[in-house]
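Chemist:
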Amino acid sequence: MILSVAGILVYCTLSKGHDWGGDFAAYIMQARSIFEGNPSKFIEENSFTMLQSSRKIGPIAYPWGFPALLSPLYGIFGINMIALKSIGAIFFLFYLCLLFIGFRKYHSSFWVLCLVCIFSLNPFLLEFLDNVLSDIPFLLFSTITVLLIGLLIIEKRQFISPICDNIVLGILIAIAFFVRTNGILLLLTLTSTQLFILIQRILTGQVANFSWSAVTRSHLSWNSKAVYSCLLAFLPYVSFLGLVLLWNGFFPDGGSSHMSYLSKISMHSIFYNLLYYAKLPADFFSMGIFGYLIYVITIPYVIKGLIIRYRSDYHIIIYVILTILLYIFWPERQGLRFLFPVLPFCVSFALIGMEAFQDVQDGSTKIKQFLRKKVSFLLIFFVISSFGIRSIRYAYLNIIHNREISIGPFTATSEKMFSFINENTKPESTVIFFKPRVMRMMTGRKSIIRDTAKGLSSGDYLCLKNEAGDQVSPKVIMYLSEHGAAQLIYENSEFKIYQLMKDHIYRSCGK
């Protein structure tokens with residue numbers, strides 16, 4: 000029933016448009032290049048945008064995993080936003096199933112259903128699904144991988160066979176890495192977990208011993224069990240590396256250009272990020288000041304859950320710490336979406352703490368125990384019901400507005416502007432625009448960002464959007480127009496398009 004309700008809500012929240020964020024356009028163009036069998040062409044075209052713009056707006060290419068998922072849908076439906084968003088929607092429903100299956104061992108039936116409801120009705124997540132971004136697929140792959148590390152490495156469970164299970168684990172880590180580069184943290188989590196277990200065994204005298212007497216004969220003698228255990232431990236790395244090498248043979252590199260952001264790291268950015276990510280989880284509740292209040296209330300529950308589970312779930316704690324550390328040091332901030340991979344575990348720890356709080360046996364009177372249960376129940380009921388009300392309202396408004404949104408490249412005014420450029424400019428033209436990747440996706444024209452008068456000499460046309468950033472000021476345009484360097488050739492209520500005269504720009508601004 001929960002899954003059915005979530006499916007209806009997800010379907011009703013998908014709109015026909017998209018906001019102006021350029022990431023989605025890059026993903027779609029990468030998907031198009033895969034479908035057309037020419038990923039290198041995208042690298043070449045996007046390199047022009049990144050290298051010729053006045054500031055860096057993204058990597059040369061994002062990891063190719065998510066575009067590979069999009070490419071069949073692009074091949075069938077083209078730039079149909081609802082069809083392309085359906086990938087995230089489908090993965091979200093699989094993720095809800097994973098929450099129910101993967102977390103049942105931590106919670107009673109009531110609390111695991113609460114966990115599923117918290118995510119299935121969460122308005123922030125449901126509204127986020129109205130984007131073409133890789134975060135939700137990565138959330139599914141990262142969550143299942145972390146859970147599998149616990150089952151295979153810590154609990155020594157067997158599903159198919161030890162060899163197959165460890166190979167699958169490496170494949171899942173590789174898939175997560177293909178979708179988002181921070182999937183490499185899953186490999187570090189696996190390594191840290193294995194080292195932790197090894198240290199535990201050494202300290203408790205359980206580690207398999209070498210036959211050191213054989214050293215004098217220039218070889219070591221391991222017992223067969225120790226050799227087999229070592230081979231199993233390395234299998235995930237072998238399958239991961241093999242799949243990565245195979246993958247890189249098909250797709251060109253480009254995501255490594257992300258590393259240039261590391262040059263922006265400073266003590267100021269680290270300190271700012273510490274404060275930023277300390278309060279950011281409150282956005283998960285989407286309730287303004289009440290969201291911050293509930294966030295603060297849940298912190299003791301999370302701590303209690305960590306204390307209860309740290310001995311058996313240290314792999315989860317390692318992954319959460321690695322993820323948070325990554326983004327504390329990473330200079331770019333993208334809101335709560337960066338913390339998606341740790342949310343299921345943090346919410347689970349909170350519910351474990353809440354369950355322990357209401358079931359504590361400390362000699363309290365029956366009235367106190369009754370009140371504890373009521374407080375826990377009322378808090379959960381308030382959160383889930385408020386989530387549901389706001390999500391239903393958002394879905395209803397989307398439907399009655401015919402899935403149309405008032406911003407972005409798919410509004411009537413935006414489409415008229417793109418149509419004019421398609422019909423009245425040459426294919427080899429360069430258009431200066433505040434969202435160059437969107438311009439290239441919609442028109443096929445080369446596009447860059449330029450926010451100075453001199454920088455305009457790099458373009459053939461300038462498209463200005465009302466009240467947008469990363470553009471030259473209206474005073475500059477007025478000055479260039481008066482000196483014959485910019486001629487207005489199109490205008491609507493939101494955009495103005497100027498044809499640029501490069502020689503006049505040089506003379507007006509100085510070469």
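Using numbering that gives the first Met the number 0, you'd call the opening residue of the sequence shown number 0 and step up by one each time.
Backbone N, C-alpha and C fix where the C-beta goes; we use that ideal spot for every residue, glycine too.
Does the Cβ of V237 have 16 or more other Cβ atoms within 10 Å, making it buried, or fewer, making it exposed?
Modeler: Per the 10 Å Cβ criterion, exposed.
Chemist: I need the DSSP call for S217, collapsed to helix, strand or coil.
Modeler: Summary for S217: the model assigns pLDDT 43, below 50, so the residue's position carries little reliability; its value from the coordinates is reported in the next sentence. S217 falls in the coil class under three-state DSSP.
Chemist: Please go through the same chain and pick out, in chain order, the residues whose beta-carbon is closer than 7 Å to the beta-carbon of S268, but skip the five residues on each side of it.
Modeler: Correct list, in chain order: P330.
Chemist: Which of the three DSSP states, helix, strand or coil, is assigned to K40?
Modeler: K40 falls in the helix class under three-state DSSP.
Chemist: For F494 and L461, I'd like the C-alpha separation in whole angstroms.
Modeler: Answer to the nearest angstrom: the Cα atoms are 10 Å apart.
Chemist: Would you mind reading off the limits of the beta strand (DSSP E) that contains Y291?
Modeler: No beta strand (DSSP E) contains Y291, which is instead part of the alpha helix (DSSP H) from 288-308.
Chemist: Assign G442 to one of two classes, buried (16 or more other C-beta atoms within 10 Å of its C-beta) or exposed (fewer than that).
Modeler: For the sequence presented, residue 442 should be read as Thr rather than Gly. So T442 counts as buried.
Chemist: Using the Cβ count rule (16 or more neighbours within 10 Å means buried), how would you classify A411?
Modeler: Under this definition A411 is an exposed residue.
Chemist: Over what stretch of residues does the alpha helix (DSSP H) that includes I27 continue unbroken?
Modeler: Looking at the DSSP string, the run of the alpha helix (DSSP H) that includes I27 is 21-34.
Chemist: So what's Q486 in DSSP terms, helix, strand or just coil?
Modeler: Three-state DSSP puts Q486 in a strand.
Chemist: Can you tell me whether Q498 is helix, strand or coil according to DSSP?
Modeler: Q498: strand per DSSP, three-state reduction.
Chemist: Which residue or residues does DSSP assign as beta-bridge partners of V430?
Modeler: DSSP output for V430 lists S446, Y460 as bridge partner(s).
Chemist: With L120 and G387 assumed to form a contact (beta carbons below 8 Å), what rounded beta-carbon distance in angstroms separates them?
Modeler: Confirmed, about 5 Å.
Chemist: In angstroms, rounded to a whole number, what distance separates the CA positions of T190 and G334?
Modeler: T190 and G334: Cα-Cα distance of roughly 29 Å.
Chemist: Let me know the secondary structure DSSP gives D164 once reduced to three states.
Modeler: Helix, per DSSP.
Chemist: Measure the C-alpha to C-alpha separation of L487 and P251 and round it to an integer number of angstroms.
Modeler: Going from the Cα of L487 to the Cα of P251 covers about 40 Å.
Chemist: With a threshold of 6 Å on Cβ separation, who are the neighbours of M353 within its own chain once the five nearest residues in sequence on each side are excluded?
Modeler: Closer than 6 Å at the Cβ level, and outside the excluded window around M353, lie Y300, S375.
Chemist: Given this structure, state the Cα-to-Cα distance separating S85 from I27, to the nearest angstrom.
Modeler: Using only the alpha carbons, I get a separation of about 13 Å.
Chemist: Looking at F348 and R308, is the spacing between their C-beta atoms short of 8 Å?
Modeler: In contact: R308 and F348 (Cβ atoms closer than 8 Å).
Chemist: Do you know how far the Cα of L234 is from the Cα of S220?
Modeler: With a pLDDT of only 47 at S220, under the threshold of 50, the placement of this residue in the model should not be trusted; the figure read from the coordinates follows. Looking at the two C-alpha atoms, the distance is approximately 22 Å.
Chemist: For G468 and P340, what's the separation of their Cα atoms in angstroms?
Modeler: Between G468 and P340, the C-alpha separation is close to 31 Å.
Chemist: Does DSSP classify N79 as helix, strand or coil?
Modeler: Here N79 sits in coil by DSSP.
Chemist: Below 8 Å on the Cβ atoms is my contact criterion, and I expect G57 with G21 to pass it. Report the Cβ-Cβ distance as a whole number of Å.
Modeler: Indeed they touch by this definition, with Cβ atoms about 7 Å apart.
Chemist: If you follow the alpha helix (DSSP H) that L234 is part of, which residue opens it and which one closes it?
Modeler: 223-249 is the span of the alpha helix (DSSP H), which, as asked, contains L234.
Chemist: Which of helix, strand or coil does DSSP assign to S492?
Modeler: It is coil, neither helix nor strand.
Chemist: Just reading off the alpha helix (DSSP H) that N421 is part of, what are its end residues?
Modeler: N421 -> alpha helix (DSSP H) spans 411-423.
Chemist: Taking the alpha-carbon positions, what's the S14 to F118 distance?
Modeler: Straight-line Cα distance between these residues: approximately 20 Å.
Chemist: Heavy atom of the ligand ZN less than 7 Å from the Cβ of S52, yes or no?
Modeler: Annotation note on the ligand ZN: not contained in the displayed structure, which lists no ligands.
Chemist: Give the straight-line distance between the Cα atoms of L305 and A30, rounded to the nearest whole angstrom.
Modeler: Using only the alpha carbons, I get a separation of about 41 Å.
Chemist: Tell me which residues share the same chain as G407 and place their Cβ nearer than 6 Å to its Cβ, disregarding the 5 neighbours each side in the sequence.
Modeler: Result list for G407: G16, H17, D18, W19, in chain order.
Chemist: How many whole angstroms separate the CB atoms of T12 and D129, which I take to be in contact at a CB cut-off of 8 Å?
Modeler: With a Cβ gap of about 6 Å, T12 and D129 count as contacting.
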